[in-house]
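Asks: Its first residue numbered 77, the sequence shown is counted upward by one per residue in my numbering. Dumping the structure here so I can ask a few things about it.
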Amino acid sequence: MPIDLCFDWSYRLAMNSETGRTNMADTGRHYAAIPGPSVMPDRVLGAMHRASPDIYEGELHDMVAGLFPDLNAVAKTNGKCAIYACNGHGAWEAALANTIAQGDHVLVTATGRFGHGWAEIAARLGAQVEIIDFGKSAPIDPDRVADRLKADRSGQIKAVLATHTDTSSSVRADFKDLGRAVRDTGHPALLMADCIASLGCDPFFMDDWGVDVTVAASQKGLMTPPGLGFVWASEKAQARRSWMDRVSPYWDWVPRFDPDEFYQFFSGTAPTHHLFALREALNMLVHEEGVDKAWERHEKLASAVWAAADHWGQDGAFRLNVADPAWRSHAVTAASMTSPDATRLRRWTKAEAGVTLGIGLGMAEPGDPARDGFFRIAHMGHVNAHMTLGVIGVIEAGMAALQIRHASGGVGAAAQVLARS
Ligand SMILES: *Cc1c(COP(=O)(O)O)cnc(C)c1O
């Protein structure tokens, strides 16, 4: 959009031209509490505000070389990492393009919409896809996966695909158990993890947990604008790649892992400004806060949201999607209320309080009125206690304003969680 149009648009938003008054939500800072793109730190945005660098030599080359050790520190791996100019769907495709040939059998474990999304990509690439669907509120059962692998005596299944945090349901898988279960079968299938929502938010140890391929994207826990996808590969996954007859050149991770020339890192021009942004985000996450501390922060903020929700729900219609806290994501929380109150609430928080909440995704079909009963609260990435308390307070105010049945006092319950050290 041309800059003058931008000004015109934001001016009109802020000022009602007939009354000359501003809305309450138009002052202060707007907060998009949606599960991606997440809040971008000013430092990350500021790092992009610079002239184009020389892409042939010098600073950019040194900077890019330094990204990989830090990305590995986030995924807790000594494997190889490739950075693609793409979103999460691209990272999904990259992982499969390097390891799954047409006709190969893949086993997908689904705990929400995103598990099915990855399965669709595999099917469209020509894989034979088998889905174990655990529903929308239950975790992956590693024993069922292991039983299926044990029954596959001829080793047809080439990979097990699983989502760490399914952002639609906010179900989190126990990858430690899943990795152990897959390993104990002795089956040769690769274990692949979609960590797009969870990376930097929920504890994840790629190597220790026996994960062969991990995928992520820039715009969630990594606090960077959408546009970068990441794929990590273990030695086993790299060996599988070497048996592939043909891999589409853009997705091929081999030149990206070990480029002869700088441009091969990105199969063309580097996404320079996204990389500057990522550099700053990794400074914050890896070198200043520390990945383990970031996990602790996410756990605490998520617990505050759950405490508020439990309080509201005790004599009302507010309900968290995942009953057992052990299976809840620390990055995002999916909730429901009587339809259409969730949609009314989202509209209220945005218009009256400057908070955008996430829509319910994959919980009801498009066109089904039940869809208006679901919403999501993101607490991923660049968030702290006052932001999370703010969102909780705004939700409570909205429920009161709209006369949605709930027990008031959720903010206090959340504050008590945050007060515990
Ligand atoms: C966001 C997300 C995706 C999709 O990422 P896009 O960048 O929208 O393509 C896939 N899986 C999970 C778990 C996600 O949270």
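The C-beta atom is built at its ideal place from N, Cα and C for all residues, glycine as well. These numbers were taken from a predicted model, which means no experiment stands behind them.
(1) Relative to the C-alpha of L201, which residue among F450, G191 and E169 is closest?
(2) Is there at least one non-hydrogen atom of ligand 1 closer than 7 Å to the beta-carbon of F280?
(3) Identify, in the order they occur along the chain, each residue of the same chain with its Cβ nearer than 8 Å to the Cβ of G193, setting aside the five sequence neighbours on each side.
(4) Report the start-end ranges of each beta strand (DSSP E) in the segment 143-195 that is 3 residues or longer and not cut off at the edges.
(5) What three-state label does DSSP hand I480 in the structure shown?
(6) Ordered along the chain, which non-local residues of its own chain (more than five positions away) have a Cβ less than 7 Å from that of L89?
(7) Please classify W319 as buried or exposed, where buried requires at least 16 neighbouring CB atoms within 10 angstroms.
(8) If you reduce the DSSP assignment to three classes, tell me which class W327 lands in.
(9) What's the gap between the Cα of F451 and the Cα of D417?
(10) Looking at ligand 1, does it come within less than 7 Å of D242, judged from the CB to the closest heavy atom?
(11) Please go through the segment 193-224 and give each complete beta strand (DSSP E) segment of 3 or more residues, from N-terminal end onward.
(12) If you draw a straight line from the C-alpha of R259 to the C-alpha of D288, how long is it?
(13) Please list the segments of the beta strand (DSSP E) lying wholly inside the segment 218-281, counting only runs of 3 or more residues, in order along the chain.
(14) Once DSSP output is grouped into helix, strand and coil, what is the label at V307?
(15) Relative to ligand 1, is the shortest distance from any of its heavy atoms to the C-beta of F190 smaller than 7 Å?
(16) Looking at K252 and ligand 1, is the gap between the Cβ and the nearest heavy atom below 7 Å?
(17) Is the CB-CB distance between A383 and A489 below 8 Å?
(18) Where does I79 sit, in a helix, a strand or coil, going by DSSP?
(19) Which of the three DSSP states is assigned to F450 in this structure?
(20) I think D448 touches S415, with their Cβ atoms under 8 Å apart; what is that distance to the nearest whole Å?
(21) Pull up the distance between the alpha-carbon of R220 and that of D250, whole angstroms please.
(22) CB of P401 to nearest heavy atom of ligand 1: below 7 Å?
(23) List the DSSP bridge partners of A410.
(24) Let me check you understand the geometry: is the CB of K212 closer than 7 Å to at least one non-hydrogen atom of ligand 3?
(25) Tell me the residue span of the alpha helix (DSSP H) that contains A489.
(26) On the DSSP bridge assignment, give the partners of G434 in chain order.
(27) Can you have a look at L478 and say buried or exposed, based on whether 16 or more other CB atoms are within 10 angstroms of its CB?
(28) Let me know if Q492 comes out buried or exposed under the rule of 16 or more other beta-carbons within 10 Å of its beta-carbon.
(29) How many Å lie between L421 and L298 at the Cα?
(30) Measuring straight from C-alpha to C-alpha, what distance separates R423 and I453?
(31) Among H240, I197 and G134, whose alpha-carbon lies nearest the alpha-carbon of I176?
(32) Just confirm the distance between the C-beta atoms of T185 and I208, as a whole number of angstroms; I'd bet it's less than 8 Å.
Replies: So, to answer that:
(1) E169
(2) no
(3) H165 and W168
(4) Within the segment 143-195, the runs of beta strand (DSSP E) at least 3 residues long that lie entirely inside it are, in chain order, 156-161 and 181-186.
(5) coil
(6) In this prediction, L89 has a pLDDT of 46, which is less than 50 and means its spatial position is unreliable; nothing more can be read from the coordinates.
(7) exposed
(8) coil
(9) 10 Å
(10) yes
(11) 204-209
(12) 11 Å
(13) 233-239 and 266-270
(14) Three-state result, V307: strand.
(15) yes
(16) The closest heavy atom of ligand 1 lies 7 Å or more from the beta carbon of K252.
(17) yes
(18) Low local confidence applies: a pLDDT of 41 at I79 is under 50, so the model's placement there is unreliable, with the coordinate-based value given in what follows. I79 falls in the helix class under three-state DSSP.
(19) strand
(20) 5 Å
(21) 13 Å
(22) no
(23) For A410, which the question treats as bridged, DSSP gives the partners R452.
(24) Within the structure as shown, ligand 3 is missing, the only ligands being ligand 1.
(25) G486 to A495
(26) R452
(27) Here L478 is exposed. Its C-beta has fewer than 16 other C-beta atoms within 10 Å.
(28) exposed
(29) Looking at the two C-alpha atoms, the distance is approximately 28 Å.
(30) 14 Å
(31) I197
(32) 5 Å
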